[in-house]
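Trainee: Under full-length UniProt numbering, the first residue of the sequence shown carries the number 1, and numbering increases by one thereafter.
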Amino acid sequence: MIKLIATDLDGTLCNANHCLDQTIAEYIKKLSARRIEWVLASGRAMEIVEPLFAKYAFRCPVIALNGALVYDREGKLTQRWPMKTQPAQDMLHEIQKQGFLAVASMENGIWCSDPQAYRQRMETLVRRLPDPALFAQEHGFLSLTAKPWEQLGACYKIEIYDSRPALADWVRAAADFKVSVVHGDVIEMTDNAVSKAAALRQLCESRRLANEEVLCFGDSENDLEMLQEFRYGHIMRNAEEPLLAQVNHIAPANTAYGVLRVIENYTGIPIGKEQA
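(1) At 3 residues or longer, and completely inside the region 118-171: list those beta strand (DSSP E) runs for me, N to C.
(2) Would the beta-carbon of Val214 fall within 8 Å of that of Tyr232?
(3) Going by alpha carbons, who is nearest to Ala165 out of Lys147, Gly184, Gly153?
(4) Can you give me the C-alpha to C-alpha distance between Ala253 and Ala117, rounded to a whole angstrom?
(5) Applying the criterion that 16 or more other CB atoms from any shown protein chain within 10 Å of the CB defines a buried residue, is Pro82 buried or exposed?
(6) Between the C-alpha atoms of Met46 and Cys155, what's the straight-line distance to the nearest angstrom?
(7) If you draw a straight line from the C-alpha of Arg207 to the C-alpha of Val49, how long is it?
(8) When you compare each of Leu69, Gln86, Leu167, Gly268 to Thr78 by their alpha carbons, which one comes out closest?
(9) Looking only at C-alpha atoms, which of Thr124, Lys178, Leu13 sits nearest to Ala197?
(10) Where does Leu13 fall in DSSP's three states?
(11) Just list the beta strand (DSSP E) runs in the region 5-80, keeping only unbroken ones of 3 residues or longer that don't cross its boundaries, in chain order.
(12) Hey, which unbroken runs of the alpha helix (DSSP H) at 4 residues or more fall wholly within the region 193-221?
(13) Measure the beta-carbon distance from Pro63 to Leu40 and round it to whole angstroms, keeping in mind my assumption that it falls under 8 Å.
(14) By how many angstroms is the C-alpha of Ile2 removed from the C-alpha of Gln275?
(15) Tell me the rounded alpha-carbon separation between Val262 and Ala251.
(16) For the alpha helix (DSSP H) that contains Asp90, what are its first and last residues?
(17) Quick check on DSSP: helix, strand or coil for Met106?
(18) Give the secondary structure of Glu274 by DSSP, where H, G and I count as helix, E and B as strand, and everything else as coil.
(19) What three-state label does DSSP hand Ala173 in the structure shown?
(20) What are the residues that DSSP puts in a beta bridge with Ala251?
(21) Under 8 Å between the Cβ atoms of Asn66 and Glu229?
(22) Could you tell me whether the region 142-162 touches the region 103-113, where touching means 3 or more Cβ pairs closer than 8 Å?
(23) Given that a residue counts as buried once 16 or more other Cβ atoms are within 10 Å of its Cβ, and exposed if not, what is Leu20?
(24) What do you get for Asn108, buried or exposed, if any count of 16 or more other CB atoms within 10 angstroms of its CB means buried?
(25) Under a Cβ-count criterion, where at least 16 other Cβ atoms within 10 Å of its own Cβ denotes burial, should Gly218 be classed as buried or exposed?
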């Protein structure tokens, strides 16, 4: 019997506009009423996750920044796994030296190597969406600090925006980091002990849930460990082709309500004729 559902957001639970809609929200509430717990497992920062659910008055635990920070259903920070201080500082120094476009999620703010370039990047991505106005309304952009990263305390996650494979390989060679590449040009770094899988495992242990009582979903490299560790891990059909062969179960695409349809199949709880 499924008792917990853990899902990534972008490319997984969210629609083509990287948002939720009424169909998704109503099904989440229906399952919650049956005492099936939801957990969001995202690479996003909490300040970007929260607005997605605010309009639907829904709360649940959140695994943020690929597992570096974990929040309970009330939004209280319960677990944190910062990057090791010296390796993180060395990487940030190198980012500045090389002029890479990067964002770092720090203890006391979100630092960016070039805020103007970052905003231009985001605006370009948003313009490609089906409904840019809706995305801007429900998401907004990260609140970047003007302070230097040296004043912001511990670092939890670094993202470099660059599509060069050689750069990704250079970052992967650093033993202190867990590295994934998502969307083709986002190189993500956390501490090497951090993952969505590790955070979800700890959460399930605290609830005394067996592996087979968990359904989980994702579409990117940063989801792989979670999808491989849990028996009912599903990768989305819209994932990059090399990832599809690495997970036992494949869900329909996010644009076809793939997460909801798999849950319906496992639980027997209907999505609803009017939305299906």
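C-beta: ideal position from N, C-alpha, C; glycine also.
Mentor: For this structure:
(1) 155-161
(2) In terms of Cβ geometry, Val214 and Tyr232 form a close pair [threshold 8 Å].
(3) Note on identity: in this sequence residue 165 is Pro, with Ala being the wrong assignment. Minimum Cα distance to Pro165 is reached at Gly184.
(4) 31 Å
(5) buried
(6) 15 Å
(7) Rounded to whole angstroms, the separation of the alpha carbons of Val49 and Arg207 is 23 Å.
(8) Leu69
(9) Lys178
(10) helix
(11) Segments of the beta strand (DSSP E) lying fully in the region 5-80: 37-41, 62-64, 69-71, 77-80.
(12) 196-206
(13) This sequence places Ile at residue 63; Pro is not what is there. Going by Cβ atoms, the distance from Ile63 to Leu40 rounds to 7 Å, so yes, they are a contact pair.
(14) In this prediction, Gln275 has a pLDDT of 42, which is less than 50 and means its spatial position is unreliable; nothing more can be read from the coordinates.
(15) 6 Å
(16) 85-98
(17) strand
(18) Only weak support exists for where Glu274 lies, its pLDDT of 43 falling under 50; the value from the coordinates is given anyway. Coil, per DSSP.
(19) coil
(20) In the DSSP output, where bridge partners are listed per residue, Ala251 has Met236.
(21) No. Outside cutoff.
(22) yes
(23) buried
(24) exposed
(25) buried
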